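Chemist: For the sequence shown, the numbering used here begins at 23 and goes up steadily by one. Note that the Cβ used here is the ideal one computed from N, Cα and C, for glycine as well. Since this is a predicted model, take the numbers as computed values, not measurements. If you scroll down you'll find the structure; I have some questions about it.
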Amino acid sequence: MTALVVDADGRLTYMGEDGRRRVIVGDQDLLRRVQQIQDQSWDLEGGCGI
Numbered sequence: 023m024t025a026l027v028v029d030a031d032g033r034l035t036y037m038g039e040d041g042r043r044r045v046i047v048g049d050q051d052l053l054r055r056v057q058q059i060q061d062q063s064w065d066l067e068g069g070c071g072i
C-alpha cells in the first residue's frame with residue numbers, strides 16, 4: 023500500500039497492493055478542509071490532524 027492521497031475531487035484514496043486506487047472517503051468537503059489547513063501553513067507530515 024502507498025500513502026493516503028486527497029485527489030482533485032476531494033476523495034481520500036490509497037493505492038492497493040493490486041495497483042488499483044481505492045476510495046476511503048468520497049467527500050469534497052475533505053479537500054476544502056485540507057486546503058484550509060495548508061493555507062494556514064500547518065504541517066500535515068506525520069499525521070492527519072483533521
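Grab the span of the beta strand (DSSP E) containing residue 34 for me, first residue to last.
Modeler: Here the beta strand (DSSP E) through residue 34 covers 33 to 37.
Chemist: Among the residues of its own chain, which have a CB less than 7 Å from the CB of residue 49, if the five just before and after it don't count?
Modeler: Contacts found: 32.
Chemist: Of the residues 58, 61, 24, which one's Cα is nearest the Cα of residue 42?
Modeler: Looking at the Cα atoms, 24 is the closest of the given residues.
Chemist: Buried or exposed for residue 26, please, with buried defined as at least 16 other CB atoms from any protein chain shown within 10 angstroms of its CB.
Modeler: That one is exposed.
Chemist: Could you tell me the alpha carbon to alpha carbon distance between residue 40 and residue 51, rounded to whole angstroms?
Modeler: The straight-line gap from Cα to Cα measures roughly 28 Å.
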